[in-house]
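Student: Residue numbers (our numbering): 372 to 549.
Beta carbons are placed, not taken as given, at the ideal position from N, Cα and C, and that holds for glycine.
On a predicted model such as this, the values are computed, not experimentally measured, just so you know.
#1: Who does residue 456 pair with in a DSSP beta bridge?
#2: Mapping the DSSP letters down to three states, classify residue 462 as helix, strand or coil.
#3: With a cut-off of 8 Å on the beta carbons, I'd call residue 378 and residue 516 a contact; round off their distance for me.
#4: Kindly indicate the opening and closing residues of the alpha helix (DSSP H) around residue 439.
#5: What are the boundary residues of the alpha helix (DSSP H) that residue 404 is part of?
#6: Let's see if you can read the secondary structure: which residues bound the alpha helix (DSSP H) around residue 499?
#7: For the alpha helix (DSSP H) containing residue 385, list its first residue and its last residue.
#8: Between residue 428 and residue 449, which are expected to be in contact by the criterion C-beta below 8 Å, what is the C-beta distance as a whole number of angstroms?
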């Protein structure tokens with residue numbers, strides 16, 4: 372079984388996917404690991420589209436069961452048919468932005484205040500993430516995610532502002548209704 376968990380940055384996609392993978396004994400694959408070159412300061416250099424698509428596809432095909440976290444809206448048609456279940460996470464903007472600010476601080480610590488380049492990079496990321504709810508935003512946004520969800524060949528379940536444990540319970544009940 373292949374499951375995709377997607378949503379806005381800060382909505383809990385990676386947290387839920389990791390938890391599901393652990394609970395179900397599935398492999399967890401995070402899209403960021405295929406999208407970005409691993410560098411000392413993360414999220415600096417993108418992997419070429421054809422290479423990242425091939426790498427993720429190969430990783431998914433190498434296992435029977437996987438939970439993928441992240442957005443695949445611009446990764447091609449293959450991924451519209453690659454999943455047995457999709458989970459679309461939504462959260463209010465204020466909640467997401469608060470989570471993202473804490474995550475940036477946890478990730479970079481005091482360097483976020485002392486390194487002007489890092490501070491500018493973090494601000495640009497937060498500004499980008501803030502626009503997710505704007506359907507006219509040219510970057511990743513909720514309207515694009517909803518359209519992508521409609522293109523999927525599998526069932527898509529939207530889950531809102533719940534605890535991670537509640538989200539896990541919902542997904543488990545969809546996978547194994549009793």
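Tutor: Once the coordinates are examined:
#1: Stepping through the chain shown from its first residue, residue 456 is reached at position 85. DSSP output for residue 456 lists 374, 526 as bridge partner(s).
#2: Mapped onto the chain shown, residue 462 falls at position 91. Assigned with DSSP and collapsed to three states, residue 462 falls in coil, not helix or strand.
#3: Counting from one through the chain shown, the residue named residue 378 turns up at place 7. Counting from one through the chain shown, the residue named residue 516 turns up at place 145. That pair is a contact at about 7 Å.
#4: Counting from one through the chain shown, the residue named residue 439 turns up at place 68. Annotation: residue 439 is outside any alpha helix (DSSP H); the continuous beta strand (DSSP E) that includes it extends over 437–440.
#5: Translated into the one-based positions of the chain shown, residue 404 becomes position 33. Per DSSP, residue 404 belongs to the alpha helix (DSSP H) from 402–406.
#6: In the chain shown, the residue the question calls residue 499 occupies position 128. In the DSSP annotation of this structure, the continuous segment of the alpha helix (DSSP H) that includes residue 499 starts and ends at 487–501.
#7: Mapped onto the chain shown, residue 385 falls at position 14. Note, residue 385: alpha helix (DSSP H), 384–395.
#8: The residue you call residue 428 lines up with position 57 of the chain shown. The residue you call residue 449 lines up with position 78 of the chain shown. Between residue 449 and residue 428 the Cβ distance is about 6 Å, and since that is below 8 Å, they are a contact.
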